[in-house]
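Asks:
Numbering (mature numbering (1 follows the signal peptide of the UniProt record, and there is no 0)), first residue to last: -21 to -1, 1 to 122.
(1) Under 8 Å between C-beta atoms, does residue 26 make it to chain C?
(2) When you compare only the Cα positions, how much space is there between residue 96 and residue 117?
(3) For residue 89, which three-state DSSP category applies?
(4) Taking its Cβ as the centre, do 16 or more other Cβ atoms sit within 10 Å of residue 105, making it buried, or is it exposed?
(5) If you check the beta carbons only, do residue 62 and residue 71 fall under 8 Å apart?
(6) Please name the residue in 35, 10 and 33 whose C-alpha comes closest to that of residue 24.
(7) Which residue comes first and which comes last in the beta strand (DSSP E) that contains residue 58?
(8) Using the Cβ count rule (16 or more neighbours within 10 Å means buried), how would you classify residue 93?
(9) Where does residue 36 fall in DSSP's three states?
(10) Quick one: what's got a C-beta closer than 7 Å to residue 121's C-beta in the same chain, skipping five residues either side?
(11) Would you call the CB atoms of residue 69 and residue 100 closer than 8 Å?
Given below as structure tokens:
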């Protein structure tokens, strides 16, 4: 009996990180969220933001690079049945051919237009701290 109780407790503790990783966070008090890849948050205006991918190729601190690099965040915004994926970039984005800096865009969800801004990705890469998990700081506001 004692063995099965310990096993149950161990399984429960082992499952906690999995449950937390899938959990959508509580309603954010503002329209700014800070999320890792595969995390989501619901904002006050009932818009849900999910970071689908986050690719950080910025030149790390402590390294001499020939290019500054950039950060590409793909996120899905949804409200009710409407969903829209956005691609936001900090730094120069050569994929659009013009070398623009598309750190913001607009989306229409349930008839309302929202501005989406990639404010930052933290922490900045550091050659001495390679295992840091990047987090996107995203603002969503009603236009």
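Beta carbons are placed, not taken as given, at the ideal position from N, Cα and C, and that holds for glycine.
Replies: Taking the definition as stated:
(1) Absent here is chain C; the protein component of the structure consists of one chain.
(2) 6 Å
(3) coil
(4) exposed
(5) no
(6) 10
(7) 50 to 58
(8) buried
(9) coil
(10) 24, 91 and 93
(11) yes
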